[in-house]
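Presented below is the structure to which this report refers.
Residue numbers (my numbering): 35 to 422.
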């Protein structure tokens with residue numbers, strides 16, 4: 035038996051934020067990242083709409099790095115004192131991931147991170163509050179997904195929290211929130227969304243429902259990502275919706291080796307997650323083509339890429355990813371990103387072993403050994419095509 039879970043309600047389009055003034059409840063805790071949402075006036079608007087709904091608000095801010103155990107514990111403690119009916123994560127992946135984790139420990143203060151990190155075993159949520167995700171970037175789809183990743187800042191241990199109960203009750207996808215997104219963020223988050231759509235389309239748990247969303251998301255991203263990067267606001271709106279569709283797909287089909295590689299190297303080399311995905315994606319497509327070339331070819335066909343057979347179409351898919359990266363000024367390799375060779379060599383073995391333990395490795399379409407994972411890192415460092 036399969037399962038397909040997405041938010042109960044998704045509000046999108048112009049003035050989608052207005053739904054906030056219709057919420058029922060007394061209190062809302064808002065979790066945000068840096069100051070841009072304040073400078074652009076979005077936080078004030080969100081607060082005003084909640085006030086119109088008769089809600090008192092608590093602001094938890096400063097989640098502008100990967101969320102940590104300390105951040106989550108502090109936020110959960112504030113929520114336990116405030117007792118909100120709604121927890122609202124606003125921003126990119128970090129504040130929304132943090133908000134989800136705070137929500138868990140607000141509802142169950144006695145729970146440990148080790149217990150919470152056991153996949154799909156959380157106790158029933160919504161005993162105290164419901165959850166809303168409001169994205170201000172176009173890539174992570176945290177407003178859609180059932181995932182959160184929290185890092186123990188003392189030990190470096192990452193706690194992947196995954197449970198269908200973590201799927202937000204409401205997602206609000208308002209294009210006004212991404213109008214002023216910085217260009218580098220458009221590139222990084224856009225390639226995160228591209229990776230989500232492609233990896234979900236070939237992941238082992240894929241279904242007919244996830245396939246439809248992955249393909250449509252990929253088509254929209256192909257047509258609009260570069261234009262969004264070049265400041266076309268109509269295309270930026272389309273990308274904002276496409277990333278959510280890709281999110282609905284990967285939240286149910288899961289992902290693959292691109293994310294495994296990115297998760298384990300990003301913190302070490304300080305590579306933004308979307309950029310790491312952009313670098314690794316062509317090499318992982320080449321690796322996986324031995325078992326899912328027909329699916330890559332079908333996706334390439336839907337993207338109107340050139341090719342007379344599955345091999346040529348898959349080659350075109352790889353080249354399209356590389357071209358989009360080039361057109362947005364992204365590095366093609368880890369070396370080009372600026373990682374010194376001796377530093378890379380010092381870390382590659384441990385990164386490969388750790389990537390083997392990543393949950394996304396288990397859903398990658400091709401079984402992967404630690405040696406192959408290391409060779410994928412090496413290919414992405416030196417820019418060598420994958421033929422193993």
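Glycine residues also receive a C-beta, built at the ideal position from the N, C-alpha and C atoms. Please read all numbers here as calculations on a predicted model, not as lab measurements.
Integer Cβ distance of residue i from residue j, believed to fall under 8 Å
i	j	result
residue 408	residue 375	So it is not a contact: roughly 15 Å between Cβ atoms.
residue 15	residue 302	The structure shown does not extend to residue 15, since the chain is modelled only from 35 through 422, so no value can be given for it.
residue 226	residue 176	That pair is no contact at about 11 Å.
residue 124	residue 71	6 Å
residue 135	residue 101	7 Å
residue 295	residue 181	No, residue 295 and residue 181 are not in contact; Cβ-Cβ is about 17 Å, not under 8 Å.
residue 128	residue 85	With a Cβ gap of about 26 Å, residue 128 and residue 85 do not count as contacting.
residue 42	residue 166	About 10 Å; that fails the 8 Å criterion.
residue 201	residue 53	Going by Cβ atoms, the distance from residue 201 to residue 53 rounds to 18 Å, so no, they are not a contact pair.
residue 215	residue 247	The pair is not a contact, with the Cβ atoms about 23 Å apart (cut-off 8 Å).
Pairwise C-alpha distance: residue j and residue i
i	j	result
residue 325	residue 291	14 Å
residue 398	residue 361	28 Å
residue 139	residue 189	20 Å
residue 104	residue 147	11 Å
residue 197	residue 285	10 Å
residue 16	residue 137	An answer regarding residue 16 cannot be provided, because it is not within the stretch 35 to 422 covered by the chain.
residue 156	residue 149	8 Å
residue 220	residue 381	29 Å
residue 366	residue 80	39 Å
residue 421	residue 327	13 Å
residue 249	residue 229	12 Å
residue 370	residue 82	46 Å
residue 356	residue 346	15 Å
residue 253	residue 309	20 Å
residue 133	residue 106	8 Å
residue 395	residue 402	8 Å
residue 218	residue 339	26 Å
residue 239	residue 88	43 Å
residue 126	residue 265	19 Å
residue 76	residue 169	11 Å
residue 195	residue 185	11 Å
Closest Cα partner of residue i within the set the options
i	options	result
residue 368	69, 182, 412	412
residue 307	133, 171, 82	171
residue 65	417, 73, 122	122
residue 429	288, 319, 231, 322	Residue 429 is absent from the structure shown; the chain starts at 35 and stops at 422.
residue 320	400, 379, 151	400
residue 173	342, 280, 370	280
residue 161	75, 257, 186, 120	120
residue 379	299, 323, 187	299
residue 317	258, 415, 287, 235	415
residue 38	45, 314, 288, 141	288
residue 275	264, 258, 265, 263	258
residue 96	68, 110, 48, 193	68
residue 154	336, 143, 199	199
residue 144	187, 110, 163	110
Sheet register partners of residue i (DSSP bridge)
i	result
residue 309	BP columns for residue 309 are empty, so no partner.
residue 379	Paired residues: none, contrary to the question.
residue 102	185
residue 194	183
residue 121	63, 165
residue 206	45
residue 91	62
Chain D within 8 Å of residue i, Cβ atoms only
i	result
residue 246	Absence of chain D from the displayed structure is noted, only one protein chain being present.
Three or more C-beta pairs below 8 Å linking the region 91-98 and the region 58-71: yes
Cβ contact check for the region 325-335 and the region 350-359: 3 or more pairs under 8 Å: yes
Three CB pairs or more closer than 8 Å across the region 204-214 and the region 259-279: yes
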